[in-house]
Every structure is written in C-alpha cells, then in structure tokens.
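To start, the structure under review is shown below, and the notes come after it.
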Amino acid sequence: SAVISQKPSRDICQRGTSLTIQCQVDSQVTMMFWYRQQPGQSLTLIATANQGSEATYESGFVIDKFPISRPNLTFSTLTVSNMSPEDSSIYLCSVASSTGANVLTFGAGSRLTVL
Amino acid sequence: GIQVEQSPPDLILQEGANSTLRCNFSDSVNNLQWFHQNPWGQLINLFYIPSGTKQNGRLSATTVATERYSLLYISSSQTTDSGVYFCAVGGYNFGNEKLTFGTGTRLTIIP
Chain A
25 SAVISQKPSR DICQRGTSLT IQCQVDSQVT MMFWYRQQPG QSLTLIATAN QGSEATYESG
85 FVIDKFPISR PNLTFSTLTV SNMSPEDSSI YLCSVASSTG ANVLTFGAGS RLTVL
Chain B
1453 GIQVEQSPPD LILQEGANST LRCNFSDSVN NLQWFHQNPW GQLINLFYIP SGTKQNGRLS
1513 ATTVATERYS LLYISSSQTT DSGVYFCAVG GYNFGNEKLT FGTGTRLTII P
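For the protein sequence lines, the chains are A and B, in the order given.
According to my numbering, the first sequence is numbered sequentially starting from 25.
According to my numbering, the second sequence is numbered sequentially starting from 1453.
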C-alpha cells in the first residue's frame, strides 16, 4: 500500500490565521481524500482532490474555508482558513489503492489546536 | 445520505477476552472496510470486506450485505488492541470511491 507523509503532525494556531497541511504520497494516485476528525468524533469527508480539476467538496464544506490544491499525482495541500476554535481537529489525508478496490490508506494526520 | 451505526460505543475487556463489534448500515454497499485507530491517532486498515468472511490472525470479519451489517471479531485480546474501531462504507448510490465512516467503537483492553 501507499506510504503517506503529512506535515505538520501538529500545530497550535491563533484564531483568525490560516494553516496549510501538506500530503505527500510515495506513488502516483488518482484520487486523494481529505477527512476531518473533531475531538472524540468519527471521520467526516471534507473533499475529494483529483489532479487537474477542482476538488469536490462535501455538504457543509466550502472552498473558501478549505481550499485544496492538487498540482500533481503525488501531492496535495489543504488549507484551513480564518481558523476558529471549532476548527480544532485532526485532519487526515488518504488515498485509494491502485488495485481496483478502493482500499484506503491514511496519513498519520495533522492535529490542529486553535486558541 | 447513508447512516452507519456501530455498537457497542464503548467496550472494556480484560486481556485474553474475545469481542464482537457490529456495524449496521442503511443502504446497499459495495465497499466496506474496517479500521483501527490507535491511541496516537494513526488509522490502520484491517479488512476490505464488502461481503463474505476474512481472517487475519486473531482478527476476523464477516459482512452480510443483504442484511446490511458487518461484524469484527477479536480473539484473545491484547493491550495493543486498544483504540477505536471504525467501519466505513461506500456504494453506487452515494459515491463508490469515497467512504462514509461509522460512529466507532472504543475498545479498552485492561492487563
């Protein structure tokens, strides 16, 4: 399965600032997924990032708040904009396997705390 | 959208005990995966099991797609099994390529 590196692993941010999370994969993948996990909760899909096209956002998530870039088949970024304490979460990048079945592999996550 | 409920929400067991975790889903699926999130937050894929039964060491899983549920069995529990277990589903009706995660079961194994 793919190996995913996420940066930063954790950060403490001030209200009103923005932070960009990077996701690097060791192989080319078609689709990358960004999930959010709020404290004590399950995972919620933010958006699907395809190379060469705009990301597809899930209900409740908008591009102005969570802009995503996908410049090539091994890299993506998620920006959390104008952060508030409610944005304190773990943000996870994942990719589907290239074997046909959409088996997901996850990065270690980026734990953000907004003060 | 699809609803994915897991039970029990919390489970505390002595080391060596066996457990069964359940995942119910409200729509037809063609993709079902079980994950373990360790106490450090890392998610590990345990099984890809849209139907049938699979085993991997002390863990096994069964999905009965026609009845819309899946079970994860853990035998002879070890402290390293502690964490949160999620099932996640995908299907033609709601996006085969993306997964909807269940509510999770938090498992604590006591030495």
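A virtual CB, placed ideally from N, CA and C, is assigned to each residue, including glycine.
These numbers come from a predicted model, not from an experiment.
Query	Result
Closer than 9 Å between beta carbons: that is the criterion. Which residues of the segment 1473 to 1485 of chain B meet it against chain A?	Asn1483, Gln1485
Out of B:Leu1484, B:Thr1531, B:Thr1514, B:Val1541, state which residue places its alpha-carbon closest to the alpha-carbon of proline 1491 of chain B.	B:Thr1531
So within the segment 1461 to 1538 of chain B, which uninterrupted alpha helix (DSSP H) runs reach at least 4 residues, ignoring any that extend past its ends?	none
I'd like to know if the segment 93 to 107 of chain A and the segment 1453 to 1468 of chain B are in contact, where contact means that at least 3 CB-CB pairs between them fall below 8 Å.	no
By DSSP's criteria, threonine 1560 of chain B is part of a beta bridge. Which residues make up the other side?	B:Ile1464
Tell me the residue span of the beta strand (DSSP E) that contains isoleucine 114 of chain A.	113 to 120
So the beta strand (DSSP E) serine 1459 of chain B belongs to, where does it begin and stop?	1456 to 1459
For serine 93 of chain A, which beta-bridge partners are listed by DSSP?	A:Thr101
Would you report the Cα separation of glutamate 1519 of chain B and leucine 139 of chain A, rounded to the nearest angstrom?	46 Å
Can you check the segment 53 to 83 of chain A for any beta strand (DSSP E) of at least 3 residues that lies completely inside it and give the ranges in chain order?	55 to 61, 67 to 74
Using the beta-carbon of each residue, which ones in chain A are nearer than 8 Å to glycine 1554 of chain B?	Ser66
Starting from serine 134 of chain A, trace the beta strand (DSSP E) in both directions and tell me its first and last residue.	134 to 138
Let me check one thing: in DSSP terms, what residues is phenylalanine 1553 of chain B bridge-paired to?	B:Ala1540
State the start and end residues of the unbroken beta strand (DSSP E) segment that holds serine 87 of chain A.	Looking at the sequence shown, residue 87 of chain A is not serine but isoleucine. Looking at the DSSP string, isoleucine 87 of chain A is not in any beta strand (DSSP E), and its letter there is neither H nor E.
Taking Cβ-Cβ distances shorter than 7 Å, what residues in chain A pair up with lysine 1550 of chain B?	Phe57, Leu69, Thr72
From the beta carbon of glycine 133 of chain A, is the nearest beta carbon of chain B less than 9 Å away?	yes
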